[in-house]
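Heads up, the thing below is written out as structure tokens.
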Amino acid sequence: MGECHYQSGNVMANKRMTLLQKLLEFSGLHADRLRVRWVSSAEAAEYVREVSGFVEDIKKLGPNPLSVKRAMRSVRNEQKD
Amino acid sequence: MSKKIKETVRTLLVEGKIRGFLGLIERDGHVMPHLFGDPQELEHLSLGDHGRAGDARYPLNQILIQLMRAYPEETFAVLVRGCDERGLRELFKWQQLREEKVIPIGLGCPEELARACECEKPFPDNLLDGPKGEKVEGQKVARVNAMDIDARLRFWKAEFDRCIKCLGCRNICPMCFCKECTLEEANLIDSGEIPPANPTFHLVRAIHMVGRCIDCGLCEEACPADIPLRTLYKKVAEIVSEEFGYKTGYTVDEKSPFNIIEVK
């Protein structure tokens, strides 16, 4: 932390992420849907590992309950029935 | 109850210590903000109680900002409750008002109002009149905290779905002083859409209230759709207090953790 190109940029970002995660939780969305990790541009393998891990975890949580597309699809299906 | 306040303001006006007193006046059965320049007008002074305690409050600090932009060299007195005093402190820090040009006239809130507000500190430190009430333990946030996560989502979705995007919550806010507002930025918030993006629209405002919201509750009073905005902003205050140890408006020298640029 604090080794950002924008100096304290990641320190500030980290505060916002903490706040947003708590606020999402309060709004009814799992905080795990938002994740922040610090990976340098020289750490490609770690970047891949982080993103893959996130995708895996997010799949376990299931689709976004606020997805507009999904809501539209279910409306269409109801109309068909 | 207003006797002490009237006397103090009258003295300030007569001695020429202030250009005016920004308070509330009752005229033709209506309570409205007023800049008292003449001591004789003080007989119509109102403290914001009309039908119920504190049911005719206005964002006086917002008007004060406009006044002081127009008359930067003048000194004004302003009626403040506990929340307004917290607001003044933050507005000094944000350099929207100059402390040496503002004389707060402190009014404590009656228990009835403090309870309705679930107010943590229903009196200003600079208390001139009114009671020095006790802290009220809040239930609003606790009730939502107690729901399971899916119930919370349903709760907020239903509340935010009633939003007609009138921007009344922002317009009445004494702490909203930005010249450009994210809520009107077409690249971030779609225009012509009602309700506005749910819950993004309200969460954006909630995030922007960090280190600003002083829990006056005017947003919730102004909301024509009865959205429990205060519960949302009280939660933001709870998070900022628990995670970062900052309580908005309670100190004069400390800045919001979201305003401090930490260089290590």
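Note that the protein sequences, when read in sequence, are chains A and B. Just so you know, we're using this note's numbering here: the first sequence kicks off at 3 and counts up by one. Just so you know, we're using this note's numbering here: the second sequence kicks off at 2 and counts up by one. From the three backbone atoms N, C-alpha and C, an ideal C-beta is built for every residue, glycine too.
{"Check": "Run through DSSP, which three-state label would R18(A) get?", "Outcome": "helix"}
{"Check": "Judging by CA-CA distance, which residue of I173(B), T201(B) and T183(B) is the nearest neighbour of Q63(B)?", "Outcome": "I173(B)"}
{"Check": "Compare the beta carbon distance of I228(B) and C84(B) with 9 Å and say whether it is the shorter of the two.", "Outcome": "no"}
{"Check": "Around the Cβ of M69(B), are there at least 16 other Cβ atoms within 10 angstroms (buried) or fewer (exposed)?", "Outcome": "buried"}
{"Check": "Pull the bridge partners of F124(B) from the DSSP assignment, please.", "Outcome": "Answer is none; F124(B) lacks a bridge partner."}
{"Check": "Please state the DSSP three-state secondary structure of N79(A).", "Outcome": "helix"}
{"Check": "So, with DSSP's three-state summary, where would you put M210(B)?", "Outcome": "coil"}
{"Check": "For H203(B) versus L154(B), is the C-beta spacing smaller than 9 Å?", "Outcome": "no"}
{"Check": "Are the Cβ atoms of C217(B) and R58(B) separated by less than 9 Å?", "Outcome": "yes"}
{"Check": "Can you tell me whether P65(A) is buried or exposed? The criterion is at least 16 other CB atoms within 10 Å of its CB, across all chains shown.", "Outcome": "exposed"}
{"Check": "Quick one: list the residues of chain A neighbouring A207(B), beta-carbon separation under 8 Å, in chain order.", "Outcome": "L25"}
{"Check": "If you draw a straight line from the C-alpha of E1(A) to the C-alpha of R18(A), how long is it?", "Outcome": "Residue 1(A) lies beyond the residue range present for chain A, which begins at 3 and ends at 83; the question has no answer from this structure."}
{"Check": "Residues of the stretch 241-262 of chain B with a CB closer than 8 Å to any CB of chain A: list them in chain order, please.", "Outcome": "V241, E244, F245, P258, F259 and I262"}
{"Check": "Flag P67(A) as yes if its beta-carbon sits less than 9 Å from any beta-carbon of chain B, otherwise no.", "Outcome": "yes"}
{"Check": "Of all Cβ atoms in chain B, is any one closer than 9 Å to the Cβ of K61(A)?", "Outcome": "no"}
{"Check": "In the structure shown, what three-state DSSP assignment does I190(B) receive?", "Outcome": "coil"}
{"Check": "When the Cα atoms are used, what is the spatial distance from D254(B) to G88(B)?", "Outcome": "14 Å"}
{"Check": "For a contact meaning CB atoms closer than 9 Å, what does L154(B) contact in chain A?", "Outcome": "S29, G30, L31, P67 and L68"}
{"Check": "Using 10 angstroms around the beta-carbon of N199(B), count the other beta-carbons present and answer buried if the total reaches 16, otherwise exposed.", "Outcome": "buried"}
{"Check": "Under the rule that 16 or more other beta-carbon atoms within 10 Å means buried, what is V70(A), buried or exposed?", "Outcome": "exposed"}
{"Check": "Roughly how many angstroms lie between the CA atoms of Y8(A) and A46(A), to the nearest whole one?", "Outcome": "20 Å"}
{"Check": "Using the rule of at least 16 other Cβ atoms within 10 Å of the residue's Cβ for burial, across every protein chain shown, is D56(B) buried or exposed?", "Outcome": "exposed"}
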